[in-house]
Every structure is written in C-alpha cells, then in structure tokens.
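Chains as they are written, first to last, in the working numbering: chain A, 1 to 719; chain B, 1 to 325; chain C, 1 to 447.
We put the beta carbon where it would ideally sit given N, CA and C, even for glycine.
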Amino acid sequence: MSLAVFLTALVSCTLPISESLNNPYPENESEQAVLYQSFSERPKHFDPAVSYNTSEYAFIAQIYEPPFQYHYLKRPYQLVPLTATRLPEIIYLNQKGGKLSYDVNDSDIAFTDYMIEIQSGIRYQPHPALAKNAQGDYQYHQLNPTQIESAASLNDFKATGSRELTAEDYVYQIKRLAHPKIQSPIAEIMKNYIVGFDDFSKQVADKPKTAIRNLPIAGVTALSRYQYRIRIKGKYPQFIYWLAMPFFSPMPWEADMFYDQAGLTDKNITLDWFPLGTGPYLMAENNPNRRMILLKNPLFHQESYPAEGEAEDRQKGLLADAGKKLPFIDKVVFMLEKETIPYWTKFLQGYYDASGITSDSFDQAIQFTGSGDAVLTPTMREKGIQLQTSVAISSFYMGFNMLDSTVGGTTEQARKLRQAIAIAVDYEEYISIFMNGRGIAAQGVLPPGIYGFDDKTGINPYVYQWQANKVQRKKIAEARKLMIAAGYANGIDPKTEEALILYFDTTSTSIDDRPRMNWYRKQFEKLGIKLVIRGTDYNRFQEKMRTGNAQIFVWGWNADYPDPENFFFLLYGANSKVRHGGENAANYHNPEFDRLFEQMRNMDNSEQRYRIIQQMQEIVRHDAPWVFGYHPKNFSLFHGWYKNLKPNLMANNQLKYTRIDTAARAEKRQQWNQPVFWPLLLGVAVFVLMLIPAVIAYRRRRLQERVMREHLSSRETKL
Amino acid sequence: MSQYIIRRFLYSLPLLMGVNILTFVLFFVVNSPDDMARMQLGQKHVTEQSIANWKQQHGYDVPLLWNDDAQGEKKITDTIFYQKSVGLLLFRFGVSDSGRNIGADIKERAMPSLAVALPTLMIGLLVNICFALMMVLFRNSYLEHAGLVLCVILMSISSLFYIIGGQFFVGKVLRLVPISGYDDGMAAIKFLILPVLIGVFSGIGSGVRWYRTLFLEEVEKDYVRTARAKGLTETQTLFRHVLPNAMIPILTGVVVVLPLLFMGSLIMESFFSIPGLGSYTIDAINSQDFAIVRAMVFLGSVLYVIGLLLTDISYTLVDPRVRLS
Amino acid sequence: MVVLWTDALIYVLIIVMLALGVYLRGKEHIQRPLQQIGRNKIGMTSLVVLLFFVLIGLLDSVHYILADDKKNEVISLLDDFATPLREHGEKTYSAPFATTLYSKEMTMLADGTLQWAYPRLAFGGRHLDHPETEKIPDILQKAAYGLAQGASLIGFIMLLMWGLLAEQHKRFMRGSTAKTVWTVVFIIVSFSYAAIHLSAYYHIFGTDKVGEDVFYQAVKSIRTGLVIGTLTTLIMLPMAIIFGILAGFFRGWVDDVIQYIYTTLNSIPSVLLIAASILMVQVYMANHEADFTSVIVRADMRLLFLCLILGVTSWTGLCRLLRAETLKLREMEYVQAAQALGVKQGVILLRHILPNVMHIVLISVVLDFSSLVLAEAVLSYINIGVDPTSYSWGNMINGARLEMAREPIVWWSLTAAFVFMFALVLAANLFADVVQNAFDPRRSGNE
C-alpha cells in the first residue's frame, strides 16, 4: 500500500495533466464553437419529400427551409415567415374560380388559393450539383464512368456552385411529392387537397425523376421569380401548417439531375444522404456508421434572433441575443450513440452539451420539491446543469380493436367492459413507476396546448371524479360493478366459466419491457381478467393491426401540427385501419362522431368549434374505444454553457438560435475529467508482487540445476 | 499446389450455394417482401401503392422462386432468389433494405473491425503463450496450481461481466479512456485500448489452459527428454525445443480464425460503439434488414472457407510431411 | 399437474441418464474412470454443487395449476416454496437487506404534510420498529438462528444415516474424499437454510426496478441455465453420434454428404442462424395464438426452440471428432475381424464402435455445458436469447446493464446474477476438468 501511495505521489508531481485522457474528440476542437449531439439510429432519408420522423428532422430542419416556420419563443405556437416575405395571402374561390369574400359560407368555397412570396437574394449552399464551368454549363451533370469510379464521397467533387432560390424550386418540390418513384409518405394525403396532384402523379408515373421539371401541375404555379400559388380543394385551414414542414421546402431541379446519374447510388451518393438546401447549416460529413457533421452555411441569408417572446423570456436571458445574426454555432457534430450508459456518462463528463433523461438516470438528476415540482439534484446544480420541461404534443393510449367480438362493438356489454378496464388501468401509477412522473394522465384525445383542450373542467367522467376539489380516479369497486353489469362478475367469462382471457398485442419483447408488461397484467388482474401478452416483431404487429386480429394494443400519436383535427382524425370512421388502411387503429366508427368531425375539421378556431370538440370528446369518453393514457412530459438537461434553449415542440430548426460558451465548456471539461491513476499503479504493483515468488522459485531451481550439474560433472571427473 | 487450391475453390462452390439457399429459405419463411416494405417505410401513412413502389425499387416485386408469367429461362431468372443469389456470388451485395449500398458500407466498416480484432488476437496470443510457458516452467509447483485455479475462475465469468465491469471502472470511475466511440487513423488508439484489453483479458482463462496442454504434450516427448539429459537447462529446452514445435498447432489454429476477424466482434463493438461489421450485423438483425444479414452470412461463409484453405496450406508450410493431394 | 415441453424433455433426460447408468454398470472401461472421479476431491465437491443446482432446477420443473385459484396460474414446486418471495413485491429498487426504498420519494405523513424521504418497504424488514438501530443485530441474530437450524437439520440427517449404514460403508465414509463431500453438503445446506430463513424477513439480494425480489429471480434462473446446458446436448447428441459414426464407418458418399452438411452449417455464423430461427418461432407463435395462451407456455416454447437451434449449430464439432475416431476404430483388428466373420454392420456399430467412442461423447457433454450457459447470457444481450418474460441470468445482466449508469449505482442484480452464474459455471468447469482427466486416455498417463 505504501508503494502505491508513493507511486501516486510520484505521478501527481511528475505529470502535470494538461489534457483529459478521455476526451473522445480531437484536441484542437475544444476551443471552437462546436456543438456535440448524438443520434441513436441511423437516419434513412434526408430527402425532404420522404423524411417523416423526428430523428431525421433533427438534421434536415437545419438544412432545408420551407416558406414558414414556428416562432421560436412565442406561445401558443405561431407561424412566421422563414423564406417568405410575409404570411400567405389566402383567397377563397367558387366553383368557377371567382373570388369570394372572407365571410362566405364554408360550403360555398370550392377552392382556396395560397399566394406565397419569397425573399429575393437567398442562395443555396455551395454544392457540386450547382457547379458550373467556364462556359456556364453544369460541370457534373454528365459524369463519365471514370469520374464516378474515382469518387468515394460527395466531397470528391471539388468544384461547387450556388444560385439564387426561386419560387420555381418550391413548385418543383411539390411535383416531387407527387412523383410515385419518390414515395412521399404524404402523397396520399395531398392527393385529397392539392388540385391536380393526383393527375400529375399518374401522368409522370413511368417517367424518370428528372422529367417532371417541365411538366406543369395544375394546382401549383410559379407566378414570378419570387411568387407562387398553391390551389387546394375546398377549405382546409390546417394546410398552412403543412407549409411549415420540410415537405414543402425548395428543391433545385439540379439536385435530381446530379444525383440521378447511374453509379452514384452505388457509392451511397444520393439525395437521401447529401442534402442540398438554403438553411443555416450544410451537411459536411455523412457517415451514419459513426458521425455526421453539419457546418455553418457560408451563404446563409440574413436572419436575426427574434426580439420578442413570452413575458419571462427576457428575465431568463433568452432575449440577450436579440437582433444578432444567426446562426451562432459553427459546427455541429452528431455522434452515433446506441447505449445509454456511455451516452449519459459522456454527458456528465461534459462531452455532450445536452441530454434527455432516461428513467435510469432520473434519480440521479431530478428530485421533487415539497410542492411536487421537479427540480435538479444538488450534484447536478453544482455542475451548472439546467433542466427544461415541457408537455409533448402527443398522446399515448391503449386502444381496443372495435371489430373484436369481445372488447369491440357498440353493445352496452362491451362498452361497460371497456369502461371498467379504463378505470382499472391506473395510468397515474404507470407514469409514476415507468416515467418517473414525467407525464400527465390523459383525460381525452387532446393533449394540452392544442385548441379545445380544457384543463379546468374537462375530466373524463367515466374514469375520474371530483373529490375534495381534486381529480381522483374512480375506485376499483366501481369498475367491478361495471364488470358485473357487463356480465363478467369477478372477471369470470360465462362462456368458459373461467377467468376472461384478453390479449394484449405489443412489439415490446425486449427484456427492458418486461416490467411494463407485468404491470399491465397486474392492472387487468384487478378485475379478474387474465391478460395474455402477445409479443411479436414490428412486422407481425403491423399485419395484425391491418387485418384486425389485434385485440388490445398501446399506441401513440405525435402531432404533425398543433390542431385538434390532427388528433380526432385518429378516430374518424373513414380512416379505419382495417377497412380503409387509415390511421384509425381502433377501427372506431360512430356516425355521430364522424358527422361532428367532418363539421369541425375545416373550421377556423371559434366558440362553435370549441363546443363541437367538447361534444366529440364526450362521445369518445363514453364509447371508450381508447383507454386514454398519458401525455409525456419532456425533461431535458443541458449544461450551463449551452445558451438560448427553449423547448419548442413544433419547430425542429432550433439549432440556429442556440449558442455555446466555449471557454466555460473547456474549463469545466478540464475540471471534471482528471484521470485517476493510482488503481492502475496499484494493479501493476500487485502483479509484480505476484511475480516475486515465481522469480524466487526460478532462482532456486537454477541454483539446484547448477549444483546438480556440478555434482554430476564432479562425479564424471572422479570417474 | 495450385491444382489443389483450384480444386478446393470448386469444392467450396456447392458449399456457398447451400449457405445461400438455407439463409434464403430461413429469411423468407419469416418475412414476406410486403413486411419488409412496411418495416422500412415507417409508421405514418403507408399505402399499398408505396409498398408496391418500394418492392419494385428493391427488386422484390417478382416471385420468390418460380416466375409463371415469364417466358423461357426467364421463369427462373426473373425471381428474387435468382437475382439476389447471382449478385451475392459475384460479390455485388446490392442495396440494403434501408437504401444504402451494402458493399460500400462493408468496405468502410471492415477496418474498424480489424482494428479491434487483430490487436486483440495478437496481444492475446502473446500474453497467453507467456503465461502458459510460465506455468509449464513451474509445473507441479504451487504456482502452477494457483495459475490453473485462476484460469478456471477467469473462464467461468461471462464475457459480459468483463465488458460491463471494464467500461465502468476504467471508463467511468478512473476516466482513463473515452468511454466509447471511434476515430480514424492514429486517433483511434485511445478508443481501442479498453476493448482490446478486455478482449485479451476475457480470453486468458481458456487460452492459457489450452496452450499449456499443448506445451505439456510437447514437454513429455522423447526428444525433449534427450535435450534435457544433454544438460540444457529447463528454460533452454522450453525456448529452443518446446516452443517452436508447439507453435505449429498454435499458428494453424490462428490461421483458421484470421479471415473471420473481418467479421468483428458482435458484443464488443456494440458496447463500445465501434463502427465495425459486428455492430453492423447486430443492427441489421434488430432492424430485420434482410439484405444486409444475407450479405453478412455469405461473407462469413466465404471467409470461413478461406480460413480452411489457409489452414491446409499452412500445414504444408510448417510440416513438410503433410502433402496436399 | 401441467407438463411443459421442457419439463417433459427434462424427465426424458433423467430417464436416459438412469438407463445409461444401468447399461454402464459393470462395464470395466467406464467404471475405472468413474472411480477415479469418485476419489477426486475437487471433482466430488463440484459434483455436489452441481447436484444442488440440479435439485433446484428439478423442483422448478414440476408445474401445476393452483387448485383454489381462478386465475389459471401455472406455478412450480419451487414457486410454491417461495410464495412469500414471490408475493413480497416492493414498489421499486431497494438495496440488499434494506428497510427503505433506494431513492427518496414524496410521501404523505399522517398529519397530511408532504415529506421528501426514503419510504419504508412494504415487506423488507417491516417487523422492525426502529430499523436504524435494530437492523444489524436482527440480521445477525436471524442469520445465526437460520444457520443453527440448518446445521442441526443436516447434522441430524447425517447421524441418522451413520446409524443406518452397514460397517463396510462406514469405512468408505471415513475416507478423506467422503469427508470433504460431507463438509460441502453441510455448508451448503446450512447456508441455504440461513438464506431462506432471512429471505422471509428481508430482500437479501435487494429488489429490482418493479420491486421484484432479486434472490427469487436468481434462483428461478437456475432452471433456465440448466435447461439450456443440458437439453441442447440431449438434442444434439443423436444427430452428432449418428452422423459422426456413419460418416466415419461407411466413408464414401455417405461421408461426403455428411461432411457437406456440417461444413455448410459450420460456415454460417451461428449468431445469424440463431437470430433467424428465433424470428421464425415468433412468427409461428403469432400464427398459432390459440395454442399459446399463457405467458409461461410461450416462454417455454421459445426456450425449447433456443435449445433446438443451439443444438443444430453445435453438433458439428462433436460430429467431426466422432468421425475421426470412428475412422481410426474401423481399422482396428477386432473390427476388421468382426467384418471378416460376416457380423452385421449394425451390430458392429452398436457393439464395437459406439461403446468405444462414448468417452468422447461424455467429455464433450460436460465441456459444452458451461459454454452453453455462458452463451445464453450473450444471446439475451442481442435479444435473441430466451423469452424476455422468463427468468434467466442473461436477462438479469441485460437489465442490470442500465442500472450501472445510475448514481448511486444499483449493483445487486448484476452481483446476484454474477454469483449464481459463476458458482454454476465454475462447478461445471471444475467437474469437466476432472471428467476429462479421467476419461481421456492420453491424459490418464499424466496423473
């Protein structure tokens, strides 16, 4: 031990540690404004016409710019122009194309025109597809085989070019959405809205991607270099939200021209991997096996940090950078990180700037105050880590397949059974056990923050009741009464005279899901029902849902845009999964509900719409095709040096607003990552000690051998 | 010699065909092309049309084994099985179900795999031989018994414990190396230290025991006794006679696994997020990416066959008595 | 009584082993090595430990439905003995021998005020009024009491046996190996008795995320480990023996075909083969839902298939060894003589070849056992191991992986899995060594 102490002392005085040994990044990067983030699954598509999930949006929202965006600071969410000069001019038209006034009856509106004007002078990022030679021809649009052969990545095409963004590029992108070969996930939806979309789609079905440039699409026209018009059928006020999604960002025709050349796909050089946009960042390295790097776009147009926000934003320092030119961060590195342990550890070591909280790291990071608010633990606060919470605009629910003969259908018996289950499945407990309280139990279809959500009076009267001014889940006894009424006294199925067996279909088959499945079983046991978990892989699960063979399942929905229509359509009869292949996974069909939905869907927010929404909520609560689950609360942690962060669940392009205090980061990292050497030296010492007996034994043997040999030789000489 | 190699090569063809058929059957029993399409297209708004498109793009829109609608030999060639198999045999792995070129990915990922596996093998070999020699040197002493017990103990611990424990202590508590990750070139060294160390350590138990038996076998042989009787010391006999002769089985054993090193280590790579072929395979299994898994199975079989061939050749090189026929 | 597939196969295995024992009685070339094992202290000690594990595994392999229960729950004898452990669930993590949860929670005090503190456990140490001061003396006292009870029980049994034994056996029992064995039995029984006694009052290995007793999980995992280690061999043996002997004996095209089969199988990375098969089982179960209504049946089916596929991937090694040995044997004089005398080939195979390769089979069975138990853990990590709902060390380790990132860390799940798995595998390895030394003709000279 004394040896170890000595060695430690030796090391600590001879080795002034200048750098952290465990820094996973190159040393020279630590002083730059580089943001480190992670991704856990490799993204599949960076083509804005195809990409449709949050992990991909984390990248492409920084690269592509649709005409509109959500205001970063203001709440409720509000659309503001991004590349557009102002919000679109909306014109209602009658069947003949005549202009209508704004107070006209909804049913008279045959078409709506969206007139969008974009700013001039916006330029695309430097990109080989736009590179021109001295003659003014595109340099890389006719690549010869040797050129393709020699290129390993996009960066091997040295020359780059840029050009101004035009309205035609937006039109081109909408044509791309319609092209069957591109396989846009929203093509089916847009068919119902954009005039001429379906016809165009059929017209170009057998033409190559590059051919659509010169074919006109009826409903979308570029009126001038900076102005275009989208004509949609009827009235659809939510359409403007689509215009803030990456689907409607501009795409230069040169991109398709370039990437469509045979042979490039074999090198993984496609639009899906190397985007081309006008946004604040450009993709500099795309290695989904390891990391992706975004660099600041040198040609990014003038955009400045917002000057107004919510009342408390100024006090929080969120307005300190008001008016400054965006973006602040020079380089963003996304590292592939699949395991949660390394990820969390690296965050604590300062090698990631922000982190979510898994339920395993929760206790370490969060504690609750006397009034039940979540705050950081002292150790976290000491590190200068900060916490941000927000309720996600999503809903998780347990659905019943309404086509099922036991739990489904509109009979009173089945409804009572569903209601009983709704009481028994105690989602408050679920949230507390599995989500560490990071969520709120749902009272209906809508999450907070969506128009029509009512947090004061809107409780679900079939599951909850008011008790001493608090919302309480009904007692299990009431659920048992409902079970009796449904004909399953004590959970006994009269047909088999045994416990009623219900089936729970899930894709959660991994070990980490086991406690959760056990919990669900316990909930049903309260009613005497035996729940059988049918775990299966994702494909099988999808097939079951499609064919209507599932019985009970849990599912969630993330809002595309902040409007109640985007939630209620999950229960609209015509969206039934089995009958129509839609998103109504419960296959719920109630004529009255459908009628109200059709009425509500195209309305602007108003007193009347609010009333209809409440009626619809009531119908769903009564029929109980879903057990309303919960709306998760996002908790995210970030280090003190990471500035200007505000949760914005609709906007994905926050990166450009954020800033990093590099000096503070370098200092903290230094401080937190002093290596510990003494156990290593101790280990070496122990090993050496273990060798000593071996050495002694060896010496002894050598001696013996020598003695023996001398003995022998002496005998020989005697002889 | 060259004749032999050609014959072995021809012999391996039916083998690879068999592997191909087996994996094909296994995977298509599990997944229909429709399932694959749905899996890859994601959860929101998937229509029949987009599934058909996807299948067409990835070449899954023809029948599995027999095309009734086609003419002549197209009845066989215009099937998923034929088209995909021919590609594999020519090492054209095609595009993965998620849309990336598999060949390019494999090329890129082979190096990191090798960067972990090769040092692990080499250092492991060195360490194991050293310890085994020491145990033979001190045979029938308490040192050997202690060493043997230690070996059995090391062998009885699951490799998962080594990884979890190593990552926890060295990476998290002592902060000596980055906890996970990878970099190109020389910068990779700091990421490789820990995985290599753990890999070597977890192999010590069984490795040392195995080499010890090899050495012991050699030690008992007559020529060694003669050497000892001639007056060579124990260390001299070990290094001059026992080690070189025991190296023959050791090296030929190593040659078998050499090609398979490219396949990487499944667990180690995913724990330390090293972008090698092992983690590639695991990801493919988890996301049910049929094309990648098939490519990896095929690659594995090819490497295995090469390994067998190399072993045979190395036998002739080290031992002139063995002749290939 | 409910007989699961793996249960049935375990019974078959036991019958086969008994039959084998009867068959080998009095066979000189098998008896000698067995006696050698019987004289080896390490061998006998590890055998005792293994038998102890096997006993637990067997207890866990007798399944039945609780009579007075409408829930149709299938439980095993072991579950019945461990009912308190099974039902004493806490809310979430608690450390070994803890009386409170591992993390602070908001709790409502009697007077209605909220407090941020460690809540008391529902079962662990609930008999204590002042855990801070009473806990350690209580644990020591209970441990001592349990030890004493266990010791006196086993002591009584030993005395009883001593009294009943005949004089010649008594001499045998005085041998040094027998003494070691009795000491080990004595220690195991007293300590497990103490553990059982303590676990009625405390969670001796803590509780996991949903408050399930970790000690119970670790004990339940024994069966999974044993099933994988033994049934896989049971499944692979017929294939390996038949193919190996046939290939070696007949040579020619039979040999070519068999060699082709096993080289093909060998050349496929086994992990991928296992992954594909496990996916197939899931599909099968999805298509035949009616047959798999209870969780335990589904888990059992998957376990069985895992054994099957592990068997398929692992028979090739033994097959190759047997082929080589048979090639050697068929050139022996007595086999040649038998052939010359016109003895039927089937008879030659059964009489002369099979008994003479049995030692290879035995050695490879014991050697494979521990590697299979270890493989289970690795496979569970990639999610292609046993069913996630069943208890296994692999699943425990896999779950515990995430717990290592907690601060303060939750170490007991990992430790429990480690201790149990280590004990089993170590015993198996030591025993395998002894068996190998005894049966391997090359080695027997070394001793």
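Opposing strand residues paired with residue i [DSSP bridges]
i             : result
residue 132/A : 138/A
residue 439/A : 632/A
residue 316/B : The partner list for residue 316/B (beta bridge, DSSP) is empty, contrary to what the question assumes.
residue 354/A : 638/A
residue 222/A : 228/A
residue 555/A : 397/A
residue 76/C  : 63/C
residue 38/A  : 335/A
residue 550/A : Its beta-bridge partners do not exist; DSSP assigns none.
Neighbouring residues, chain B, relative to residue i (Cβ below 9 Å)
i             : result
residue 395/C : Within chain B, no residue comes near residue 395/C; the closest Cβ sits about 12 Å away, beyond 9 Å.
residue 681/A : Near residue 681/A there are no residues of chain B at all, since even the closest Cβ is about 11 Å away, more than 9 Å.
Cβ neighbours of residue i in the same chain (closer than 6 Å, five flanking residues each side left out)
i            : result
residue 12/A : Only weak support is given to the placement of residue 12/A: the predicted model assigns it a pLDDT of 46, under 50, and the question is left unresolved by the model.
Under 8 Å between C-beta atoms of residue i and residue j
i             : j             : result
residue 655/A : residue 385/A : no
residue 235/A : residue 411/A : no
residue 229/A : residue 195/A : no
residue 184/C : residue 48/C  : yes
residue 110/A : residue 95/A  : yes
residue 300/C : residue 5/C   : yes
residue 285/A : residue 293/A : yes
residue 379/A : residue 367/A : no
residue 259/B : residue 207/B : no
Same chain, Cβ closer than 8 Å to residue i, five either side skipped, listed in chain order
i             : result
residue 180/A : 187, 201, 204, 205
CA nearest to the CA of residue i, picked from the options
i             : options                    : result
residue 222/C : 416/C, 23/C, 438/C         : 416/C
residue 255/A : 559/A, 568/A, 584/A, 48/A  : 48/A
residue 105/C : 116/C, 98/C, 350/C         : 116/C
residue 308/C : 277/C, 325/C, 295/C        : 277/C
residue 627/A : 569/A, 586/A, 657/A        : 586/A
residue 242/A : 171/A, 330/A, 540/A, 190/A : 190/A
residue 672/A : 348/A, 363/A, 162/A, 580/A : 348/A
residue 32/A  : 357/A, 333/A, 64/A         : 333/A
residue 694/A : 2/B, 27/B, 66/B, 137/B     : 137/B
residue 75/A  : 428/A, 714/A, 650/A, 666/A : 650/A
residue 124/A : 548/A, 133/A, 296/A        : 296/A
residue 404/C : 249/B, 165/B, 192/B        : 165/B
residue 124/C : 130/C, 392/C, 100/C, 395/C : 100/C
Partners in chain C for residue i, counting only beta-carbon separations shorter than 8 Å
i             : result
residue 433/A : 91, 92, 210
Own chain partners of residue i with C-beta closer than 7 Å, once the 5 adjacent residues on each side are dropped
i             : result
residue 397/C : 377, 414, 417
residue 52/C  : 188
residue 313/B : none
residue 339/C : 348
residue 737/A : The requested residue 737/A is not part of the displayed model; chain A covers only 1 to 719.
residue 94/B  : 87, 102, 291
Contacts that residue i makes with chain C (C-beta to C-beta distance below 9 Å)
i             : result
residue 517/A : 295, 388, 389
Listed by chain order, chain A residues near residue i by CB distance under 9 Å
i             : result
residue 379/C : Result: empty, since nearest Cβ-Cβ is about 12 Å, beyond 9 Å.
Residues that residue i contacts on chain C, provided the C-beta gap is smaller than 7 Å
i             : result
residue 200/B : Residues of chain C passing the Cβ test: none, with the nearest at roughly 18 Å.
Requested in this report: Could you please tell me which residues of the stretch 47 to 61 of chain B, in chain order, have their CB closer than 8 Å to any CB of chain F?
Outcome: Looking for chain F here will not work: the only protein chains present are A, B and C.
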